[in-house]
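Encoded as structure tokens, the structure appears first; notes follow it.
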Amino acid sequence: MGNGIVKFIRFICECVLELIYAGDNKCIICDKDTYNDSCICDICSKKIKFCIESMSIVRDSMSIITYSAAYYSGIIKELIVGLKYKNDFKCGELLAQYMEDVLKGANFHYDLIVYVPSSRTSLKKRGYNQCRHLAKIIARNQNKPVYNCLKKTMETKDQIGLDGASRWENMIGVFKVVNKNIIKNKKILLIDDVITTGATAFYCAKELTDCGAHEVRVLTAAKSKI
Ligand SMILES: [Zn+2]
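Start counting the sequence shown at 1; every next residue gets the next number (UniProt numbering).
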């Protein structure tokens with residue numbers, strides 16, 4: 001049986017268990033009772049360093065506005081690792097909620113959501129694209145359409161371990177738009193999990209803009225330093 005199918009079955013089992021134990025709210029970080037409706041307790045959520053300011057990536061005479069829910073450390077890091085490597089989709093729900101909170105203050109009226117694509121290899125390995133998962137939750141809650149509009153056309157070196165300049169070089173020409181008609185003259189919210197140098201987000205946004213999008217802004221769960 002394929003890795004993806006096994007992960008999907010595990011996900012369904014987790015959903016069933018969640019239904020059985022609904023109301024028994026344990027914190028997904030410390031495992032103590034939350035005493036609230038959330039899946040994180042007040043003590044853990046107070047430790048999160050949320051981002052307030054938006055950021056602009058300026059390059060090649062383009063400027064892309066980015067929003068991040070929080071800084072990549074401590075609990076946010078645990079949530080992202082949970083979503084990315086441990087198939088913990090509850091972490092995704094919580095991260096998406098934090099991302100939507102940032103969006104409330106952004107005053108960006110967009111038409112549709114697009115997400116950063118995975119390479120074939122990581123999709124095969126992980127069984128799902130964590131950015132697509134976040135995008136789907138946000139789209140559902142915000143009542144916006146989400147489209148698979150970008151394709152990663154080549155395998156790249158892992159950005160982890162590369163310096164700033166190499167990270168930019170590593171992403172040139174990597175992303176291609178697969179359906180131009182959908183994005184034409186549209187305002188797009190691009191979803192990524194973590195932004196570091198901004199190279200991935202920038203080249204995705206640039207490709208979307210070059211292919212006719214009116215405006216692209218980026219929303220990530222976390223902001224990290226190299
Ligand atoms: Zn806790």
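In this text, a Cβ means the ideal position worked out from N, Cα and C, and glycines have one as well.
A Cβ-Cβ contact shorter than 7 angstroms links Val216 with Ile188. Counting every other CB atom within 10 Å of its CB across the protein chains shown gives Thr153 a total below 16, marking it as exposed. Taking a cut-off of 8 angstroms for Cβ pairs, the segment 24 to 39 and the segment 178 to 187 do not touch, as fewer than three such pairs fall below it. When C-beta atoms of the segment 196 to 210 are compared with those of the segment 63 to 78, three or more pairs fall below 8 angstroms, so the two segments count as touching.
Judged by DSSP in its simplified three-state form, Leu134 adopts helix. In this structure, ligand 1 has no non-hydrogen atom nearer than 6 angstroms to the beta-carbon of Cys51. Boundaries of the beta strand (DSSP E) harbouring Val177: 175 to 177, taken from the DSSP string. A distance criterion of 6 angstroms places the beta-carbon of Cys39 beyond contact range of ligand 1, judged by its closest non-hydrogen atom.
In this structure, the straight-line span from the alpha carbon of Gly74 to that of Lys144 is close to 31 angstroms.
For the options Gln130, Ser54, Ala135, Gly127, the alpha carbon positioned closest to that of Gly105 is the one of Ser54. Where Glu78 is concerned, there is no enclosing beta strand (DSSP E), although the alpha helix (DSSP H) around it starts and stops at 74 to 85. The alpha-carbon separation between Leu103 and Ile5 amounts to approximately 33 angstroms.
Annotation: Asn3 to Lys77 spans about 25 angstroms, alpha carbon to alpha carbon.
When rounded, the separation of the alpha-carbon atoms in Ile113 and Ile195 is 17 angstroms. If the five residues before and after Cys44 are omitted, its C-beta is found closer than 7 angstroms to the C-beta atoms of Cys27, Ile29, Cys30, Ile75, all from its own chain and listed in chain order. The residues Ser119, Thr121, in chain order, have a CB closer than 7 angstroms to that of Glu155 in the same chain once the five nearest residues on each side in sequence are set aside.
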